[in-house]
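Undergrad: Residue 192 in this note's numbering is what sits at position 129 of the sequence shown, and the numbering runs on without skipping anything.
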Amino acid sequence: MKGKFIVIEGIDGSGKTTQINQLSKWLNSTNLIPENNQLVITREPGGTQLGKYIRSLLLDSSLENSPNSITELLLYAADRAQHVNEIIRPSLNKGDWIISDRFCGSTLAYQGYGRKLDIQLIKDLETIATQGIAPDLTFLLDITVDESIKRRISRRDDRIEKEGREFLSNVSLGFKALSEDKKWKKISAMQSKEAIIADMKSEIKKLLKST
Ligand code: T5A
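Shown next, in the form of C-alpha cells:
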C-alpha cells in the first residue's frame, strides 16, 4: 500500500471529530502528503453511501425493535467491508492518506468489552471485512467516562450512547487494554485541544521518519 492510514479511536465525545478537523487543516497546509495525492477523511459507521444507511439502522434510538447484539456486530462488519472496498483500499493504492474516525478497534471495544460478545468471533469478522488492511497509526483519545457524559450533556443520545455509564466504562477499559496490546498512541484528551493536536502532529512526524 502506497498511502498512509491513520485511525482515531475513543469513547463517545472524546474529541475525535474536533481533532480530525484540526489534523486535516494542518496536513493540507504541509507538504507531507505527496503532491498528486490527497487527504481522505472518513468514518465508521457511515463512510460510504451504503454505510450511511447502515449507520442510521445502527444508531436510531427510536426503533421499536432494536438490533440484537449479533445483528449489531454484523451490521458494523458489513459497514466496514464496504468501507474497505470502496474507500480505504483504493485510496491507499493510489497513495492517498486516510484519516478514519473509528475502525476495527471500536468493534473490539464496544461489541467485545461493552456487549461481551466473543472476541474471537469479532476478530474473525474483522479478518473478513478488512482483507488484511490495517492502520499505520492508531490514536486513542483517552477521556474519563464522567468527561464523556459531561461533554454530551446538551445533545440527544444515539442508541449506543443510551446504553449508559456501566456499558461505557467497560468500553473505556476495553480501549485502554487494546491500546496497550496493539501499541496504539494513547493521548490524554482531557488536555486542551491545542495540546492534543501538538501530540498528534509529533506522532505523525515520527511515523514518517520510521517509514
Ligand atoms: N460503534 C462504532 C460501535 O459500537 N462499534 C463499531 O464498530 C463502531 C465503528 C458511532 C457510534 O457507534 C459505536 C460507537 C459510537 O457510539 P460516532 O459518530 O463515532 O458514533 O460517535 P461519537 O464518538 O459519539 O462521536 P462524537 O462526534 O459524539 O464524538 P467525538 O467526535 O469524539 O467528539 P467531538 O469532537 O464531537 O467533541 C465532543 C464535544 O467535546 C468538545 C467539543 O467541542 C464537543 O462539544 N471537546 C472538548 N472539550 C474540552 N476539551 C477538549 N480537548 C475537547 N475536545 C472536544
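Positions of the beta carbon are idealized from the N, C-alpha and C atoms, including for glycine.
Quick caveat: nothing in here was measured; it's all calculated off a predicted structure.
1. So, at 6 Å on beta carbons, what are the nonlocal neighbours of residue 103 in its own chain, with the 5 sequence-adjacent residues on each side left out?
2. Thinking just about the alpha-carbon of each residue, which of 79, 72, 222 and 94 is nearest to the one in residue 271?
3. From what residue to what residue does the beta strand (DSSP E) around residue 286 run?
4. Ordered along the chain, which non-local residues of its own chain (more than five positions away) have a Cβ less than 8 Å from that of residue 245?
5. State the Cα-Cα distance for the pair residue 96 and residue 118, rounded to the nearest angstrom.
6. Count the other C-beta atoms from every protein chain shown that fall within 10 angstroms of the C-beta of residue 197, then say buried if there are 16 or more, exposed otherwise.
7. Classify residue 112 as buried or exposed, calling it buried when 16 or more other Cβ atoms lie within 10 Å of its own Cβ.
8. If you measure from each CB to the nearest heavy atom of ligand 1 and keep those under 5 Å, what residues do you get, in chain order?
TA: Taking the geometry as given:
1. In the sequence shown, residue 103 corresponds to position 40, counting from 1. Closer than 6 Å at the Cβ level, and outside the excluded window around residue 103, lie 154, 159 and 161.
2. Residue numbering aside, residue 271 sits at position 208 when the sequence shown is read from its first letter. Looking at the Cα atoms, 94 is the closest of the given residues.
3. This structure cannot speak to residue 286, because the chain is shown only from 64 to 274.
4. Position 182 of the sequence shown, counting from 1, holds the residue named residue 245. Its chain contains 168 and 201 as the residues whose beta carbon lies nearer than 8 Å to that of residue 245, once the 5 sequence neighbours on both sides are disregarded; these appear in chain order.
5. For the purposes of this step, residue 96 is identified with residue 33 of the sequence shown, where counting begins at 1. For the purposes of this step, residue 118 is identified with residue 55 of the sequence shown, where counting begins at 1. Approximately 30 Å between the Cα atoms of the pair.
6. What you label residue 197 is simply residue 134 of the sequence shown in a count that begins at 1. By the neighbour-count rule (16 or more Cβ atoms within 10 Å), residue 197 is not buried but exposed.
7. Residue numbering aside, residue 112 sits at position 49 when the sequence shown is read from its first letter. With fewer than 16 other Cβ atoms within 10 Å, it is exposed.
8. 75, 76, 77, 78, 79, 80, 81, 107, 139, 165, 169, 170, 173, 214, 223 and 256
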